[in-house]
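Novice: First the structure, which I've put down as structure tokens, then a few questions once you've had a look.
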Amino acid sequence: MGKPVTLYLVCAILAFWSTVYLVNADDPYRYYTWTVTYGTRSPLGFPQEVILINGEFPGPKLEVVTNDNIILNLINQLNQPFLLTWNGINQRKNSWQDGVLGTNCPVPPNSNYTYKFQAKDQIGTYTYFPSTLMHRAAGAFGALNILQRSVISIPYPEPDGDFTLLIGDWYKYKYNHKVLQQRLDAGKDMPFPNGVLINGEAHPSFSGDQGKTYMFRISNIGFKTSLNFRIQNHKMKLVEVEGSHVIQNAYDSLDVHMGQSVTVLVTFNQPAKDYYIVASTRFTKEVLTATAVLHYTNSKTAVSGPLPTGPEPEDVAWSLNQAKTFRWNLTANAARPNPQGSYHYGTIKITKTFVLANSVPVINRKQRYAVNGVSYVNPSTPLKLADYFNIPGVFSLDSITSYPSGVSPHYGVSVLPTSLHDFMEVVYQNNGTSLQTWHLDGYNFWVVGYGAGQWTQASRTTYNLEDALARHTTQVYPESWTAILVSLDNQGMWNLRSAEWGKQYLGQQVYVRVYDPIKSLANEYDIPTNVLLCGEAVGKHP
């Protein structure tokens, strides 16, 4: 009897591990430990305190494959609470891992938290950064690249190499993150930046072989200015924007606004020498510029000549016209092997509309930023925990109007009430004279329209309902509007915010509550067993 039982157990164990192997082969787990500390670097030539992750500035590049499961233990060794948010990751059914103060308690000093999420059905170029206080102005940001699975085709030849470029404005040591926070708390605006960085440096270099084609993943990780990106004597073929394959137009330069990411292919088809890479500020009277070097490996000639020119710094029309050329590639695969064009978003009935107008009110003698008259303040209890535990008084569903109503500017906790499977229209109404940039956590949305002046219902006749670009962050030009459509199929509490971090900090944000009264794991994952509790949620039992 012993041999058959033993053989049975061995077979059962082998079958079990074979199953585990097959599951992991499809959706593998990737484990990381990241330690957040202060350190000293000289990004603009002067030593200053920055925030490091595992000793790196910028932080480590997180490179995964579609559907990978990410288990990331974050150890906070700062003297302040800290969170990371994953910019553009859809967090399917899992707003518990979004990493913003409306969904998560921050990780206390000398403590840790383990994020657990999946890069579900996504490919493309994304980023991560701190969502607490003004930590983003000190570092701890980095690239998050999601590669396609081997069974997924891409609409371009596999490139010969892959470069990631984090471009963004930066401040010198006198404006460290604590000074900037104190300035904002005192009711002052963000000062003008001191420079622009590429991968945390002022003059990095990127090398490749003549005749080969390379992918450049470009993300604006800054917090104050839009940037124009260009490469001397080289065309850039745009292939992907924030997870969406696009019609592959060639560009001499590209506007990349705050929080946005684009992916281009560049063929090294010029004479063997070195060439300038340039990132310069847009819509600013003073133009700040960072340069890098594109180095041919067989080059014996250093970079020379004038910098390649971009559009006129304050030319809004140029930027708008370029934005309208970004179109969805309806014949290409997405992360899943089904055509993107099979989802005809333009035929779906709108069930919920919000018109969100930004303003710059003075409240209690302090400058703030507001949406429909409400300047958002973070409550001590995250909205997601308050919703889960039914804690009263943290937020209400009538805290903000669906349209601008002329209410007196005031502080508040703004929550837009929506239902699971609503098809939502959001119009960003920018009545100011500076460009706005808006991001929605947990979702991609279709950018269906841009227009000057005031949006009206008649503006819908101008919408692109065929091949509008799906992305997670959109710009709104001065004294203009931008309209988006989004299918609310991802239950949770999701942050809708200005990507200009100082404006977000001073109140230009709301939350979208995507709700279904019937609790189901098919719609949303349960509260994590390692959830951090704070505010009025302390002592509650998940």
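Going by the UniProt record's numbering, the sequence shown opens with residue 1, and the numbers climb by one from there.
The beta-carbon is built from N, C-alpha and C at its ideal position, and this holds for glycine as well.
#1: Hey, Asn199 and Pro58 are a contact pair by Cβ (cut 8 Å); roughly how many whole angstroms apart?
#2: Just reading off the alpha helix (DSSP H) that Asn321 is part of, what are its end residues?
#3: Excluding the 5 residues flanking Ile154 on each side, which residues of the same chain have their C-beta closer than 7 Å to its C-beta?
#4: Do Ala499 and His439 have their C-beta atoms closer together than 8 Å?
#5: Contact defined as beta carbons within less than 8 Å: I believe Val371 pairs with Gln475. What is the distance between those atoms, to the nearest angstrom?
#6: In angstroms with no decimal places, state the Cα-to-Cα distance between Arg497 and Asn94.
#7: Does DSSP put Glu286 in a helix, in a strand, or in coil?
#8: Going along the chain, which unbroken runs of the beta strand (DSSP E) with 3 or more residues stay wholly within the region 171-235?
#9: Would you decide whether Gln429 is buried or exposed? Buried here means 16 or more other CB atoms lie within 10 Å of its CB.
#10: Which runs of the alpha helix (DSSP H) fall wholly inside the UniProt domain "Plastocyanin-like" (381-517) and span at least 4 residues, in chain order?
#11: Going by other Cβ atoms of all chains shown within 10 Å of its Cβ, with 16 needed for buried, is Gly539 buried or exposed?
#12: Would you mind reading off the limits of the beta strand (DSSP E) that contains Val64?
#13: DSSP has Ala250 in a bridge; who is on the other side?
#14: How is Ala138 classed by DSSP in three states: helix, strand or coil?
#15: Excluding the 5 residues preceding and the 5 following Glu240 in the sequence, name in chain order all residues of the same chain whose CB lies nearer than 6 Å to its CB.
#16: Would a check of beta-carbon distances place Thr289 closer than 8 Å to chain B?
#17: Output needed for Val514: all residues of its chain with C-beta closer than 7 Å, excluding positions within five of it in sequence on either side, in chain order.
#18: Are residue 554 and Tyr113 close, meaning C-beta to C-beta below 8 Å?
#19: Any chance the region 121-136 sits against the region 168-184, with 3 or more Cβ pairs inside 8 Å?
#20: Report, in whole angstroms, the separation of the C-beta atoms of Ala202 and Leu44, which I expect to be a contact under 8 Å.
#21: Using the rule of at least 16 other Cβ atoms within 10 Å of the residue's Cβ for burial, across every protein chain shown, is Ala522 buried or exposed?
#22: Assuming Arg183 contacts Thr225 under a Cβ cut-off of 8 Å, what Cβ separation, rounded to an integer in Å, is found between them?
#23: When the Cβ atoms of the region 226-236 are set against those of the region 275-290, are three or more pairs found closer than 8 Å?
#24: List the endpoints of the continuous beta strand (DSSP E) containing Pro130.
#25: Would you tell me roughly how many angstroms separate the C-alpha atoms of Gly187 and His245, rounded to the nearest one?
#26: Quick one: residues in its chain with C-beta nearer than 6 Å to the C-beta of Asn463, no 5 flanking neighbours on either side, listed in chain order?
#27: Considering only residues of the same chain and omitting the five flanking positions on each side of residue 608, which have a CB-CB separation below 8 Å?
#28: On the three-state DSSP scale, how would you describe Asn24?
#29: Once you ignore the five residues that flank Arg41 on each side, which residues in its own chain have a CB closer than 6 Å to its CB?
#30: Between the region 406-416 and the region 373-390, do three or more beta carbon pairs fall short of 8 Å?
#31: Measuring alpha carbon to alpha carbon, tell me which of Thr473, Leu166, Asn233 and Tyr251 ends up nearest Ile218.
#32: When the distance is taken between beta carbons, is Thr33 closer than 8 Å to Ile89?
#33: Using a Cβ-Cβ cutoff of less than 7 Å, which residues in the same chain neighbour Asn24 once the five nearest sequence positions on both sides are dropped?
#34: Could you pull the start and end residues of the beta strand (DSSP E) that Leu72 belongs to?
#35: Determine the direct distance from the alpha carbon of Gly393 to that of Tyr369, and round the result to whole angstroms.
#36: Excluding the five sequence neighbours on either side, which residues of its own chain have a C-beta within less than 7 Å of the C-beta of Tyr388, listed in chain order?
Specialist: With the given structure in hand:
#1: 6 Å
#2: Val316 to Ala323
#3: Gln148
#4: yes
#5: Not confirmed; about 17 Å, so no contact.
#6: 19 Å
#7: coil
#8: 195-198, 205-208, 213-220 and 227-231
#9: buried
#10: Within the UniProt domain "Plastocyanin-like" (381-517), the runs of alpha helix (DSSP H) at least 4 residues long that lie entirely inside it are, in chain order, 383-389 and 501-505.
#11: The residue in question, Gly539, is exposed, as its Cβ has fewer than 16 Cβ neighbours within 10 Å.
#12: Leu62 to Val65
#13: Lys237
#14: helix
#15: Gly124 and Thr263
#16: Among the chains of the structure shown, chain B does not appear; only one protein chain is present.
#17: Thr418, Leu420, Leu488, Asn490, Gln491, Gly492 and Trp494
#18: Because the chain here runs from 1 to 542, residue 554 falls outside it and cannot be looked at.
#19: yes
#20: 6 Å
#21: exposed
#22: Incorrect: roughly 17 Å between the Cβ atoms, too far for contact.
#23: yes
#24: Gly124 to Pro130
#25: 42 Å
#26: The residue you asked about is not Asn; residue 463 is Tyr in the sequence shown. Hits under 6 Å: Val448 and Gly449.
#27: Here the chain covers residues 1 to 542 and nothing more, so residue 608 does not appear.
#28: Caution is warranted here: a pLDDT of 44 is assigned to Asn24, below 50, making its placement in the model unreliable, and the coordinate value is therefore given only provisionally. Three-state DSSP puts Asn24 in a helix.
#29: Apart from the 5 residues on each side of it in sequence, Arg41 sits with its Cβ closer than 6 Å to the Cβ of Val50 and Phe57 in its chain, given in chain order.
#30: yes
#31: Comparing Cα positions, the closest option is Leu166.
#32: Not in contact: Ile89 and Thr33 (Cβ atoms no closer than 8 Å).
#33: Caution is warranted here: a pLDDT of 44 is assigned to Asn24, below 50, making its placement in the model unreliable, and the coordinate value is therefore given only provisionally. The answer is none, since no qualifying residue turns up.
#34: Its beta strand (DSSP E) spans residues Asn69 to Asn76.
#35: 23 Å
#36: Ile527
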